[in-house]
Ligand SMILES: [Zn+2]
């Protein structure tokens, strides 16, 4: 009878056992997103993302909510975030520095000018100001940011 539990668990973990789907889950652990937002952040085609989302949805990893014209994806349970963190903690312990540094770049950051959600890994540029590093979608926002800061000094 308990074998059924392991079978179910295997199906669930199989849905997550894909680098891109783990990346999707990681992004969603920091808030709900639309497919087009994920497309920008992951740099893969929308059709591709939709396919991954379908797998995740079928196994109950993600859920959707419609708001106006947009469909938002989010994790179905907060424990998914914890589960991913726990596995990464094991990774860092096993493989050390490089993985730990890479794990940092998974954090979600907000472009302070246009408000676009980015990861440090996919931000076009970053700029160090006042003891803090800011991330930007492109050169236009960096320019705007520098202009604003100089005005406020
Ligand atoms: Zn921007």
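In my numbering, the protein residues as written are 69 to 221.
Idealized CB from N, CA, C, for every residue including glycine.
Answer with buried or exposed for residue 117, where buried requires no fewer than 16 other C-beta atoms within 10 angstroms of its C-beta.
-> buried
When the Cα atoms are used, what is the spatial distance from residue 79 to residue 198?
-> 48 Å
So does residue 69 have its beta carbon nearer than 7 Å to some heavy atom of ligand 1?
-> no
For residue 96, is the classification buried or exposed, using 16 other Cβ atoms within 10 angstroms of its Cβ as the cut-off for buried?
-> buried
Look up residue 123 in the DSSP assignment and say whether it is helix, strand or coil.
-> helix
Taking the Cβ atom as the reference point for each residue, do residue 218 and residue 207 lie within a distance shorter than 8 Å?
-> no
Relative to the alpha-carbon of residue 138, which residue among 103, 152 and 76 has its alpha-carbon at the smallest distance?
-> 103
Measure the C-alpha to C-alpha separation of residue 144 and residue 214 and round it to an integer number of angstroms.
-> 40 Å
Using a Cβ-Cβ cut-off of 8 Å (strictly less than) and excluding sequence neighbours within five positions of residue 107, which residues of its own chain qualify?
-> 113, 114 and 117
Give the range of the alpha helix (DSSP H) segment to which residue 88 is assigned.
-> 87–96
contact_flag[the region 121–131, the region 73–90] where n(CB pairs < 8 Å) is 3 or more | yes
Could you have a look at residue 129 and say whether DSSP puts it in helix, strand or coil?
-> coil
Beta strand (DSSP E) containing residue 204: first to last residue?
-> 200–204
Rounded C-alpha distance that separates residue 232 from residue 69 | The displayed coordinates of the chain run from 69 to 221. Any statement about residue 232 would go beyond what the structure contains.
Give the DSSP-derived three-state secondary structure of residue 137 in the structure shown.
-> coil
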